[in-house]
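Right, one structure below, let's go through it.
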Amino acid sequence: MDRAAPFTIIRGETKRQGEGLPPGATIGILGGGQLGRMLAIAAAQLGYKCHIYAPEADSVAAEVSAQFTCADWHDAEAMAAFVRASDVITWEFENVPVAPLAAIPAGKLACDPSALEIAQDRLAEKRFIEELGGRPAPFAEIDSREDLDAAMARIGVPGILKTRREGYDGKGQIRISSEHEAEGLHLSAGGFVYEGLVRFEAEFSVIMARGRNGEVRFWDSPENVHEHGILARSFLPPAERIAGEVAAARRLAGDVAEALDYVGVLALEFFATSDGPVFNEMAPRVHNSGHWTIEGALTSQFENHIRAICGLPLGDTALTSEKVEMRNLIGNDALTAHELLSDPRNHLHLYGKDVRDGRKMGHVTRLG
Ligand code: AMP
């Protein structure tokens, strides 16, 4: 089909014809980690430049981007200059403080920060999911010893005590196997949730992209295996049990995206149980369990996120191979990563970080 080019170049300037952001425009990315790095690589392919804003000087996203502002999230002057220099702004890190984002004019921020606000607080997130008809693990708000005792009595043990905010990759979580074990716990201020331990058969995620016009595409749902609270592997096809739960999980993810008027890639993690999918958590951003889409799908989550926030049509999310497996390279795994290339089915991605125990250093995707 012959389609009119969406843009024309007039006297060296790109002029917008359709709704999309013209090539050469600058995408501001809040956060400087590997997700930003992979977003910037996808953006470059589509002719965009990226500008990273992050408080840490050693940003692996900045290494592959045109501009870098290294400043505190609350540095109003630096944020204002970043906003002026960006045509559209997105985030790659879900703990970006929401208050400074109020300085970004409506329309420049790709998506309303309410998605961040909800995802930053496990309690708000679970309540939001329940309102939409989803089913999280049984949970209780915990601010004191008495709350925890009451929660253990109501929900039962074993369970998991999690910080409401800032926990990720299994950090900020304690498993409680008996009431006796809880006795020595010191609950510092800041708020927790107690969750009943879900007896799941497998874990999976729903990864979707929603365009500015409300267009939605889902990738096939991978089965995810966590070790020590960190994602170890994602693979397709998932277990039979998961395949039967994907439709209900997608419905919830679609409702979440609709309720937030979300734009970009959104991921929801689930436990597959004999009673159907139990919601674990959501990420209003590209997600580790979607890294396999770079080679394993016709359009990657990174490219579709960039397309969505720039107002371009979304790409096909179909699988490129019947079997796909993504494995995270953690800590020292990165030191011998090049050995993986002896298998021609492997596709290696290293994030350029200094090796540290437990740190996500890269991933390898194997097709077939
Ligand atoms: P989270 O950071 O909350 O996603 O937790 C990381 C991993 O810990 C999950 O992917 C599960 O493998 C496990 N986990 C967390 N919460 C629960 C729960 N309520 N029941 C069983 N396993 C859990």
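Everything in the sequence shown is counted per this note's numbering, starting at 1357 for the first residue and increasing by one. C-beta: ideal position from N, C-alpha, C; glycine also. Computed from a prediction, not measured in an experiment: that's the story for all the values here.
Item                                                                                                       : Value
Rounded C-alpha distance that separates P1379 from A1604                                                   : 38 Å
Where M1717 sits in the DSSP three-state scheme                                                            : strand
Touching by the beta-carbon criterion (3+ pairs, under 8 Å), the region 1601-1620 and the region 1690-1705 : no
Sub-8 Å separation of F1484 and E1559 beta-carbons                                                         : no
C-alpha gap between H1705 and G1718, whole angstroms                                                       : 5 Å
E1556 (DSSP reduced to helix, strand or coil)                                                              : For the record, residue 1556 in the displayed sequence is Phe; it is not Glu. Coil at F1556, not helix or strand.
Host alpha helix (DSSP H) of Q1390 (start-end)                                                             : Q1390 to Q1401
Assigned secondary structure, I1366 (DSSP; H/G/I helix, E/B strand, else coil)                             : For I1366, the predicted model reports a pLDDT of 33, less than 50, meaning its position is unreliable; a value from the coordinates is still stated below. Here I1366 sits in strand by DSSP.
DSSP three-state assignment for T1649, whether helix, strand or coil                                       : helix
Nearest-angstrom Cα separation, counted from A1381 out to G1368                                            : Reliability fails at G1368, whose pLDDT of 34 lies under 50, so the model's placement of it is uncertain and no value is given.
The region 1385-1397 touching the region 1447-1456, judged by at least three CB pairs closer than 8 Å      : yes
Rounded straight-line distance, which links the Cα of Q1529 to that of T1649                               : 29 Å
Cβ shell of M1357 (< 7 Å), same chain only, five flanking positions each side left out                     : Summary for M1357: the model assigns pLDDT 30, below 50, so the residue's position carries little reliability; its value from the coordinates is reported in the next sentence. So the list is empty, once near-sequence residues are dropped.
Cβ pair G1724, I1686 closer than 8 Å                                                                       : no
Cβ contact (3+ pairs, closer than 8 Å) linking the region 1572-1583 and the region 1429-1448               : no
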